[in-house]
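J.:
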Amino acid sequence: RPLLADGLCRRLEQRLASEAPALIASAVDSAGEQLRQGIASVIAAALADFLAQRGQLSLPLAVPEECSLPRREASPEPEPEPIHDPV
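Position 78 of the sequence shown, counted from 1, bears residue number 110 in our numbering, the numbering being contiguous throughout.
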């Protein structure tokens, strides 16, 4: 019996050593896909929330003072110079 147990133990070690990299790669691929799907779901939910909230706001939205850009005074457009064609 000890001989059978020893042989079984060696066989298990060999099999695990040979198949562990593929098992780990498969687990990482699966986890990566689950992560991508989770991120996509979070983005979709955040976008839906944003659009739902945006639909409830009146337009146009006021820009807060700290975010507003300084206004430039409008200067008159210069008159275009006439094109003289000698032909």
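Even glycine gets a Cβ: it sits at the ideal position worked out from N, Cα and C.
(1) Assign R43 to one of three DSSP states: helix, strand, or coil.
(2) If I measure Cβ to Cβ from Q66 and keep anything under 7 Å in the same chain, skipping five residues before and after, which residues do I get?
(3) Using only the alpha-carbon positions, how far apart do L35 and S62 sit?
T.: In short, the structure shows the following:
(1) helix
(2) Cβ neighbours of Q66 beyond the five flanking positions: none.
(3) If you draw a straight line from the Cα of L35 to the Cα of S62, it comes to about 39 Å.
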